[in-house]
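Remarks on the structure that follows.
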Amino acid sequence: MSVEAIDEIPAEKYQTLGLTREDFLWLLRKMCEMRKFEERVERLFFEGQLIGPCHLYLGQEAVAAGVIKALDDEDFIISTYRGHGHAIARGVPFEALMAELFGRKTGTCKGLGGSMHSAMSLEHNILLASAIVGGGIPIAVGVGLALQYRKSSRIVAVFFGDGAVNTGAFHEALNLAAVWKLPVLFVCENNFYAFSVPHKKSFAGESIAARASSYGIKAYLVDGNDVIAVYTSGKDAVAHIRSGCGPAFIECRTYRKKGHGVYDKAEYRPQNEVQEWMKKDPIERFANNLMQLGIITKEEFETLNMEIEKALDVCVEKAKAAPCLDFSELWKLVYAEEEAHYG
Amino acid sequence: MVREISYAEALNEALREEMEQDDRVIVFGEDVGVFGGVYKVTKGLLEKFGPERVRDTPISEAAIVGAAIGAALAGLRPVAEIMYMDFITIAMDQLVTHAAKIRFMSGGQVCLPMVIRTQYSLGRVHGCQHSQFLASWFLNVPGLKVVLPGTPKDAKGLLKSAIRGNDPVLFVESGVLYSWKGPVPEDEYLITIGQADIKRKGSDLTIVAFSRTVREALAAADRLSAEGIDAEVVDLMTLNPLDVKTLVGSVKKTNRLLVADDSTKTGGISAEIISRIVEEAFDYLDAPPVRVNSPDLPVPFAQPLENQYLVNADKICEAARRMVH
C-alpha cells in the first residue's frame, strides 16, 4: 500500500474545499486558543505558580485543529500527555483545563490527573489522556473494537508522537487494528524529537507513514504545520474509515516551538533547524492566507487574540481560588464499587 | 441441584452464562476461538456466540490488555485471556499503569468493567518461564482487583461476579486445578469479590491459603485432625483488596497463623498477611506466625525437583505441628 503525501495547500485552493467562512474562522480561533493557553501556562510555570510535569503544544496547533475538525463531535479521542491542544480543539473549557493544571477539584479530572491527563473529558468524548509514550494506542484499538461490534458509525482517533512509534505497543496495536479492520484513525504528531533524541537517530525507515502502510493501513504523510493540509488528509482518512475499510494513519510533520517539557530549553536542537521551522509557524501561515483571501482583517485577528487573553485572565483567577479535593474523597475513586475499599 | 464438574468446566459455564445474559460480554485472546483455549476454558464459545464475540488475537499481550481497556471504556464488558501468567509481564504497562489508574486519574469519570483471565502453571512441569506465580506483584497496585479461585464452585461464582462488576479484575486461575472436579450448584449463584471464605472451621490454628494451596491446606487439615489438631482453613479468594477483617477474626479465635503461599518467600503474599495480623492482632498470637512458601528460586523443570519446590500438604502439616506443640 502506498503513502499519500499532502503538502502545503495554497490559499487559492481554499475555495474549492467546501469549507465556509465560519469553518476557516473556527480553525483559526482554535489554534489561537491553543497558542495563548500554552503561552499562559508556560508563564505560570516560570513564575512558580504551576508545578509538576507539563508538555506544551506550542507549534503543533494545526494538527489538533485540523484532525478534530475532520471528526464528528460523537467520535472518540485518545489523547496524550501533550494533550491541551486536543482538549481545546474539542471544546473542553479553558476553566476546567486550567483548574486541572492547578490540581483543583474543578478541573477536568478533579485535580487527580494534572497536566498530563487534563485532556480527559468524557463529556467531550475524550476517553483517555495517557502519560505513557505509546500507551494509548492499543487502548484506541479496543475502543475501535467496541465501535465495530456495536456497528456504530463513530470512529476513534488516537494522537501520539514520533517517539511512540518505536514502542512495541505501537506495532501490536497497528497490526491488530489492521487485522480486525477497526475504525481507528492513528494520528502521529511527528515533531522530530523524542524528548532530546532526534528522529533520525532513533527511527529506522523511510517514514512513519510507511511503517503504517506496511501493515496494510491507508497512510498519509502531511505538512503538519498547514492546518488545511491536515484537515484535508483527515477528511479523506475519516471517509475511508467510515466506509468500513479499516484503520487509517496520518503522519503530521510538525515541530514544537519549545522543549519536551516546560523545564526543557531544547538546547540540543541546532539553531538553523529551529529558525527554518519557526518560519513555518502554523498560525501565522494560516492567518496570512485568510487575510489574503479577505476572510479576516489584521485588526480582527488582533481582537480575537485579545479576547482569548481576557478569557484566560478570568480562568486563571478562578482556578487559583478553587479548592482541592479532600483527601478522604480519594478512596471513592479507586474502584467503581466502593465497598472494595478495606484500607 | 449440585453436580460435580471440573474447575475448567465451571469457568466455561460462567463465561457461557454471562455471554448469554449480556451481549456486552465479549471474549478474546490467544487461541481462545477455534482451539477453545489452550486449557479449553473457552471451548464451544465461538460456535455458540460467533466470531464477533469470540476472537482469536495475534500474540500481542500489550494489545490484548489495551484492547480490553478500550472496549471497556467504550461500553463493553471484555473478558480477555493472557495464556500464561508469565506473559502478563509483556502487558504490565497496560494492566498496571493504565487499567488500574484510569478511573482514579480521570477523577472518577470512567469505570473499566473488564476481566483479564490468566493462569499459572506451577505444578505442571512447565519450567521456569511458564510456571511463575506473580500475584504478589499486584498487591502493590491499588485499582486492580486480583481474584484467585481455589475450587470449581468458587471459580464459577467469582468469574461471574468479575464479569458483572465495574472494575478491572485480574482473574488468576490455577493450571493444576483445571481438571479438579468438585461440587458446583446448577442454579445460578454469584460469589462476592473481596471476601475471604472459611473453608473449614477449626480452633487450634488458622491456615490461610488461596488458589492451588487451598486444596493442599484442606488435605493438611484432614491429616492434622486425625492427630488431634483442629485447623481452620481460610481461603482468601481475593488478594486485592484484601479481606483483613475475616483474617483477623479467624486468628483472634485460633491464636495461631500459618500461611500457605505459592509466592516465592521474599516479598510474597504471606509477608503482607503476616504483617497485617501482627499489626492488628498481635496480642492474640500464641506463637510466631509461620509461612510455607515457594523457595526464592526460579521454578525447576525436572518433576522430582518441582515436587520438592511446591507448597504441599506435607510441608503445611509439618509447620503446623511445630506451631502447636
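As you go down the protein sequences, you meet chains G and A in turn.
Just so it is clear: in the first sequence, position 140 is 140 by our numbering, and no numbers are missing.
In our numbering, each number is its position in the second sequence, counted from 1, plus 1000.
All C-beta atoms in this analysis are idealised placements derived from N, C-alpha and C, irrespective of residue type, glycine included.
query: Whole-angstrom distance between Asn1307 of chain A and Tyr1007 of chain A, CA atom to CA atom; result: 22 Å
query: Beta-carbon spacing of Leu1095 of chain A, Val1065 of chain A below 8 Å; result: yes
query: Chain A contact for Tyr149 of chain G (CB, 8 Å cutoff); result: yes
query: Phe1104 of chain A, enclosing beta strand (DSSP E) - first and last residue; result: Premise fails: Phe1104 of chain A lies in the alpha helix (DSSP H), 1102-1105, not in any beta strand (DSSP E).
query: The alpha helix (DSSP H) enclosing Glu172 of chain G, as first and last residue numbers; result: 168-179
query: Burial state of Pro1331 of chain A, where buried means 16 or more other Cβ atoms lie within 10 Å; result: With chain A represented from 1001 up to 1325, any question about residue 1331 of chain A goes unanswered, as that position is not in the structure.
query: Given Gly1123 of chain A as reference, the closest of A:Tyr1178, A:Ser1106, A:Pro1142 once Cα atoms are compared; result: A:Tyr1178
query: Other residues of its chain near Leu290 of chain G: CB distance less than 7 Å, five sequence neighbours each side excluded; result: Phe24, Leu28, Ile296
query: Backbone CA spacing between Ala129 of chain G and Ala119 of chain G [nearest angstrom]; result: 6 Å
query: Proximal residues, the stretch 1254-1277 of chain A versus chain G, C-beta separation under 9 Å; result: none
query: Contacts of Asp1093 of chain A in chain G (Cβ-Cβ under 8 Å); result: Ile132, Gly135, Ala169
query: With 16 other Cβ atoms within 10 Å as the buried cut-off, status of Glu74 of chain G; result: exposed
query: Ranges of the alpha helix (DSSP H) found wholly within the stretch 246-284 of chain G, counting only runs of at least 4; result: 271-278
query: Contact set between His124 of chain G and chain B, taken where Cβ atoms lie within less than 7 Å; result: Checking the listed chains, one finds no chain B in this structure; the protein chains it contains are G and A.
query: Three-state secondary structure assigned by DSSP to Asn1240 of chain A; result: strand
query: Beta carbon proximity, Asp1167 of chain A to chain G, threshold 8 Å; result: yes
query: Bridge-paired residues (DSSP) for Gln1119 of chain A; result: A:Glu1173
query: Through-space distance from Ala1099 of chain A to His341 of chain G, alpha-carbon basis; result: Confidence in His341 of chain G is poor, its pLDDT being 48 and thus under 50, which makes the residue's placement too unreliable to answer from.
query: Cβ-Cβ separation, Ser79 of chain G to Phe195 of chain G (assumed contact under 8 Å), whole Å; result: Not a contact, Cβ separation roughly 19 Å.
query: Cut-off 7 Å between Cβ atoms - residues of its own chain near Leu176 of chain G, not counting five sequence neighbours on either side; result: Val141
query: Beta-carbon gap between Phe249 of chain G and Val156 of chain G smaller than 8 Å; result: no
query: Selection from A:Asp1235, A:Pro1241, A:Phe1049, A:Phe1104 that minimises the alpha carbon distance to Leu1139 of chain A; result: A:Pro1241
query: CA-to-CA distance, Leu1239 of chain A to Gly1268 of chain A, given in whole angstroms; result: 12 Å
query: Gly244 of chain G (DSSP reduced to helix, strand or coil); result: helix
query: Chain A contacts made by the stretch 62-85 of chain G, where a contact means CB separation under 9 Å; result: Phe76, Ile78
query: Supposed contact pair Ser1294 of chain A and Ser1263 of chain A - C-beta distance, whole angstroms, cut 8 Å; result: 6 Å
query: Separation of Ala1162 of chain A from Thr1192 of chain A, as counted between CA atoms; result: 9 Å
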